[in-house]
Structures are given as C-alpha cells and as structure tokens.
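Report on the following structure.
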Amino acid sequence: MRSSRSGSSSEAARPSGVIVSSRKYVAIAVSSSPAHSDRSRADRRSPADVAIATEYHRGAQAAANAAAEGAAMRFGGFSFGSWHESESHGEVLAQLVELAVQSDRLGLDSFWLGEHHFSRHGILADTMVMAAHIAARTEHIRIGTAVIVLPLHNPVRVAEQVAIVDHLSGGRVDVGVGIGYQQREFAGLGVDIDEARARFIESLDVMVRAWTDEPLVYEGEHVRIAAEDAITVYPKPLQQPHPPLYQAVSTTPASIDLAASRGLPVIVGGPTDVLGRAPEVIAHWRERMRAHGRDPEGHDLPCL
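Oh and the sequence shown: position 174 is 816 in the working numbering, straight run, nothing missing.
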C-alpha cells in the first residue's frame with residue numbers, strides 16, 4: 643500500500659498542511675493560510691483563520707490516535723495559495739512552490755494542490771499548471787490535486803493535462819477530483835451548480851475513458867462525443883492504466899456512496915465540520931465499499 647502525506651518546514655516557508663496517512667485513514671492537519679515565523683504576519687490572521695486551524699487540529703488528533711494504535715504513516719503537504727494583502731500574488735505562488743521543493747528535499751511523501759476561483763482563500767486557479775512547475779523543481783515527491791473541481795472543466799482536456807504532467811513528473815501524479823460546492827465559482831465560470839453532480843459523474847467517466855479507450859465515444863446529457871467524431875486522446879498517462887484516483891466527499895451518505903460505488907478512495911475535508919468527523923466518514927465509506935462488493939483495504943485516504 644502506498645500511504646499518504648504531511649508537510650514540514652524550512653527557514654524560507656512553513657507548510658500549510660500536515661498529512662498523516664495510516665492503514666485505517668489519512669489525516670491532513672492544515673491551516674487556512676501559510677504560517678509565518680514573522681510575528682507581525684502571524685498576528686494578521688483573522689478569527690476565521692484561527693477557528694479553521696482549531697477545527698483542523700481535531701483531525702490531527704484523530705491521526706495521532708491512529709498512530710498510537712500502531713498504524714503506518716507517511717507525511718506530505720497541502721496548499722491552495724491563500725492570499726493576504728501584505729503579500730503580492732507572485733509571492734504567494736512562489737511560497738507555495740518553495741513549500742513543495744522543501745518538502746521534496748526533506749523526503750516527504752507528497753504535496754497536494756487545491757483549486758479555487760475568485761477568492762482570497764485560495765488563488766491557485768489551475769492545479770495542473772502548478773503541478774507541472776513543481777514537477778520540474780522536484781525529484782521524488784508525489785504531486786496530488788485536492789481537488790480538481792471536475793464539473794468546471796472539459797474532462798478530455800483534464801485527461802490530456804494530467805497525462806502530460808504524469809510524464810513530465812516521471813509518474814508522480816495523484817488525481818483527486820470533486821463535485822464542488824461554491825456557488826460563486828460555478829456562476830463565475832458559467833456552470834449551473836444544480837448540474838454539478840450529473841456533470842461530475844459524466845466527466846469522471848469521460849476522463850477515465852480518455853486514458854483507456856481507443857477510440858473514445860460518449861453519449862451523455864452534458865458530454866457528447868459522437869461515433870462519427872470519435873477521438874483518441876494522446877498522450878496516455880505514464881502510470882497505467884491511469885494515475886491513482888481519489889474523490890473528495892462531504893459527510894452526506896450520497897457523496898460517500900458515489901465514491902464507494904466506483905471503488906474510489908476518498909479525500910475527506912474542506913468545510914470545517916468535516917475533518918473532525920473523518921473517522922465517521924471513512925467508516926461509512928468502508929461499509930459502502932463492502933456493500934458494493936469492493937475491498938476497502940489497502941487504500942490511501944487523504945483528509946484535509
């Protein structure tokens with residue numbers, strides 16, 4: 643089993659995440675923005691930042707409990723590029739890259755990137771562009787998306803981008819995808835949020851088939867590739883049949899069941915009420931995996 647992840651620190655920048663992976667579950671304890679050794683910057687954290695960080699520490703404690711039970715763990719980092727007016731956008735992105743580079747030098751297992759749009763909470767609007775840059779600056783660390791908001795994208799283009807970065811990184815890509823939940827992001831990109839679940843299901847199908855089917859034909863409500871327009875997507879990923887896939891879930895049974903029905907490991911996190919319930923969510927996922935005739939053992943289960 644390949645276990646997950648957590649962040650570490652350097653003099654240049656301190657990681658915004660700590661990912662703890664176990665045979666039972668993986669936990670990532672993250673702050674909502676990068677921590678700074680500069681006291682004046684630390685004092686600028688908003689009450690919301692503090693509240694989020696406090697909630698995330700509950701998840702870290704759950705991970706510590708797993709460690710006490712003898713579960714194997716690996717460590718990694720996570721960031722979506724939180725921005726404060728005291729820094730330029732370029733500085734935020736450079737710090738994110740430095741976090742990944744230092745994590746690689748320190749021998750951490752993975753570094754995960756989160757997609758957001760139109761928000762200071764996260765200015766990393768394109769995870770695959772950043773993943774490609776990090777791949778060029780690192781040697782060993784795995785590079786994950788947590789997550790690509792799949793309904794906001796053309797799934798064929800996502801498949802192409804992932805495959806290219808998989809080759810450029812030497813097969814170090816992990817792909818986390820999610821349905822999305824922020825109305826502003828959907829409205830700003832011209833996608834009806836009420837269609838998010840249906841679009842996600844179709845887009846996930848198309849993305850996987852783009853990596854495996856030759857030629858690719860698909861007839862869905864939102865994605866259509868007619869037989870007369872059948873395509874073959876190049877390049878295929880280096881990792882075969884495709885890079886490891888994960889689905890972000892909330893605490894809702896429908897969300898968890900959707901991942902389990904496809905045999906996908908889950909990424910737990912996001913809204914602050916989720917991380918503290920990670921053991922509950924993962925227990926439900928394991929139950930639903932068995933109900934769908936799938937083995938829940940041997941999976942990485944990132945929590946952030």
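Cβ atoms here follow ideal geometry from the backbone N, Cα and C, with glycine treated the same way.
Give me the DSSP bridge partner(s) of residue i.
i, result
"residue 720", "754"
"residue 891", "910"
"residue 873", "858"
"residue 764", "761"
Whole angstroms are fine: how far does the CA of residue j sit from the CA of residue i?
i, j, result
"residue 735", "residue 924", "32 Å"
"residue 667", "residue 757", "Reliability fails at residue 667, whose pLDDT of 41 lies under 50, so the model's placement of it is uncertain and no value is given."
"residue 888", "residue 869", "29 Å"
"residue 731", "residue 783", "25 Å"
"residue 820", "residue 852", "18 Å"
"residue 655", "residue 718", "Low local confidence applies: a pLDDT of 40 at residue 655 is under 50, so the model's placement there is unreliable, with the coordinate-based value given in what follows. Computed Cα separation, rounded: 15 Å."
"residue 894", "residue 901", "12 Å"
"residue 885", "residue 878", "10 Å"
"residue 932", "residue 941", "14 Å"
"residue 865", "residue 750", "38 Å"
"residue 844", "residue 715", "34 Å"
Is there a Cβ from chain B that is less than 8 Å from the Cβ of residue i?
i, result
"residue 819", "Here there is only one protein chain, and chain B is not present."
For the beta strand (DSSP E) that contains residue i, what are its first and last residues?
i, result
"residue 784", "784–791"
"residue 816", "815–820"
Going by the beta-carbon positions, is the gap between residue i and residue j smaller than 8 Å?
i, j, result
"residue 792", "residue 723", "no"
"residue 810", "residue 777", "yes"
"residue 803", "residue 770", "yes"
"residue 739", "residue 797", "no"
"residue 909", "residue 944", "yes"
"residue 780", "residue 816", "no"
"residue 946", "residue 753", "no"
"residue 936", "residue 905", "yes"
From what residue to what residue does the alpha helix (DSSP H) around residue i run?
i, result
"residue 865", "That residue, residue 865, is in no alpha helix (DSSP H); it is neither H nor E in DSSP."
"residue 811", "First-last for residue 811: undefined, no H or E at that position."
"residue 921", "920–933"
"residue 830", "825–830"
(request) Flag this pair as touching only if the region 832–850 and the region 782–789 have three or more C-beta atom pairs under 8 Å; answer yes or no. (result) no
(request) Evaluate the contact criterion for the region 861–868 versus the region 820–830: three or more CB pairs, one atom per stretch, below 8 Å. (result) no
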